[in-house]
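**Q**
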Amino acid sequence: MTRRSVFRHALHLGAAVLALPALTACAAAVAPAPGVAEPRRLPYGGHPSQFGELTLPAGDGPVRGVVVVIHGGFWRQQYGLELGRPLATDLANAGLAAWNIEYRRVGGDGGWTATFDDVAAAVDLLAGPVQEAAGGRLPLDRVVALGHSAGGHLAAWLAARPGLPAGVPGAAPVVRLHGAVSQAGVLDLVDGAERSVGAGAMQDLLGGEPTAVSERYAIASPIARLPLGVRVICVHGTADRNVPIRQSERFVAAAGSAAELITLDGVDHFAVIDPSTPAWAACRDGVERLLV
1 MTRRSVFRHA LHLGAAVLAL PALTACAAAV APAPGVAEPR RLPYGGHPSQ
51 FGELTLPAGD GPVRGVVVVI HGGFWRQQYG LELGRPLATD LANAGLAAWN
101 IEYRRVGGDG GWTATFDDVA AAVDLLAGPV QEAAGGRLPL DRVVALGHSA
151 GGHLAAWLAA RPGLPAGVPG AAPVVRLHGA VSQAGVLDLV DGAERSVGAG
201 AMQDLLGGEP TAVSERYAIA SPIARLPLGV RVICVHGTAD RNVPIRQSER
251 FVAAAGSAAE LITLDGVDHF AVIDPSTPAW AACRDGVERL LV
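If you want it as structure tokens, here you go:
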């Protein structure tokens with residue numbers, strides 16, 4: 001089903017793409033609510049990029065849900081989980097546990113299959129050391145992924161893990177997602193490669209063109225994994241020059257009633273990860289609705 005919502009961006013951006021320094025400055029703008037813990041770093045492997053940060057809400061009882069926060073940046077090394085920190089704080093302020101994950105990226109030992117191995121391992125860690133660090137507060141049957149851009153791709157791919165064939169990256173998940181929110185996500189990798197989304201980012205991630213490594217695209221592209229078995233909410237701005245809204249439109253059309261598109265009129269690629277905007281509020285609302 002498609003929901004069309006009109007949002008006016010609260011800040012004058014001046015351009016469709018915010019500079020990275022402006023994005024990282026958002027982290028200081030979200031103060032933790034009383035009782036919200038400082039993020040706790042937990043490794044899931046030996047590589048410097050194999051870790052996550054757990055942010056717990058106030059209190060010591062069970063939390064309402066767990067959100068796996070996955071940053072974007074076209075799977076490239078120059079972008080990291082600092083982009084997800086303000087979102088993690090905001091989610092914890094709302095009473096949710098946030099697991100903000102880092103992963104190996106292209107240019108830093110990532111790509112096929114490392115990037116996929118990492119995000120799958122990071123989610124499965126919730127059932128062990130992350131749950132232990134949370135004092136048993138995490139409801140592992142209520143885990144939702146929230147990802148921006150390339151992170152939106154990874155969020156939807158993680159939701160597809162139960163349907164992956166044996167022996168491929170991500171198969172046989174320990175923790176199954178309850179749903180996913182894609183924030184301007186790259187959800188059709190073949191279409192993205194053919195249209196040069198991210199200037200060759202899909203080819204760099206998977207090691208070739210769709211015609212050359214078609215089996216990788218069939219495993220890695222969320223649209224190729226439909227039906228996923230869980231709901232996906234896609235939030236996308238019409239003014240997005242980095243990842244065209246066509247990506248979300250195609251996925252939702254193919255998924256039918258299992259997916260929903262929230263269209264943000266006049267909104268660019270980065271407003272969805274700026275906690276001061278109505279665009280981010282739409283993403284957080286999507287998480288809340290998946291957890292109902």
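Numbering-wise, the working numbering puts 8 at position 8 of the sequence shown, and it's gapless, one number per residue. For each residue, glycine too, the CB sits at the ideal point set by N, CA and C. All values derive from a computational prediction rather than experimental measurement.
(1) So for residue 230, helix, strand or coil by DSSP?
(2) In whole angstroms, what is the alpha-carbon distance linking residue 26 and residue 90?
(3) Span of the alpha helix (DSSP H) holding residue 156?
(4) For residue 280, name the three-state secondary structure that DSSP assigns.
(5) Tell me where the alpha helix (DSSP H) around residue 93 begins and ends.
(6) Closest to residue 188 by CA distance: which of 218, 199 and 161 is it?
(7) Indicate whether the contact test is met: 3 or more Cβ pairs, each with one atom in the segment 221-237 and one in the segment 259-272, closer than 8 Å.
(8) Please classify residue 115 as buried or exposed, where buried requires at least 16 other C-beta atoms within 10 Å of its C-beta.
(9) I'd like to confirm the pairing. Which residues does DSSP put opposite residue 101 in its beta bridges?
(10) For residue 192, name the three-state secondary structure that DSSP assigns.
(11) Entirely within the segment 238-285 and at least 4 residues each: give me those alpha helix (DSSP H) ranges in chain order.
(12) For residue 46, I'd like the list of residues in its chain whose CB is within less than 8 Å of its CB, leaving aside the five on either flank, ordered along the chain.
(13) Counting only the same chain and skipping the five closest in sequence on each side, list residues whose C-beta sits under 6 Å from that of residue 179.
**A** Reading it off the structure:
(1) Residue numbering aside, residue 230 sits at position 230 when the sequence shown is read from its first letter. The answer is coil: DSSP assigns residue 230 none of H, G, I, E or B.
(2) The residue given as residue 26 occupies position 26 in the sequence shown. The residue given as residue 90 occupies position 90 in the sequence shown. Only weak support exists for where residue 26 lies, its pLDDT of 41 falling under 50; the coordinates are left without a value.
(3) Taking the sequence shown and counting its residues from 1, one reaches residue 156 at position 156. Start and end: 150-159.
(4) One-based indexing of the sequence shown puts residue 280 at position 280. Residue 280: helix per DSSP, three-state reduction.
(5) For this step, residue 93 is matched to residue 93 along the sequence shown. Run containing residue 93: 85-93, per the alpha helix (DSSP H) assignment.
(6) In the sequence shown, counting from the first residue as 1, residue 188 sits at position 188. Distances from the CA of residue 188 to each of 218, 199 and 161 were compared; the closest alpha carbon is that of 218.
(7) At 8 Å Cβ cutoff, the stretches touch.
(8) As a first step, residue 115 must be located in the sequence shown, where it is residue number 115. With 16 or more other Cβ atoms within 10 Å, it is buried.
(9) Within the sequence shown, residue 101 is the residue found at index 101, counting from 1. 52 and 70, per the DSSP bridge assignment.
(10) Taking the sequence shown and counting its residues from 1, the one referred to as residue 192 is at position 192. Residue state, collapsed to three classes: helix.
(11) 246-255
(12) Walking along the sequence shown from the start, residue 46 turns up at place 46. Excluding sequence neighbours, residue 46 sits near nothing in its chain.
(13) Sequence index remark: in the sequence shown, residue 179 carries index 179 (1-based). When the five nearest sequence neighbours on each side are left out, the beta carbons in the same chain lying within less than 6 Å of the beta carbon of residue 179 are those of 144, 230, 231 and 290, in order along the chain.
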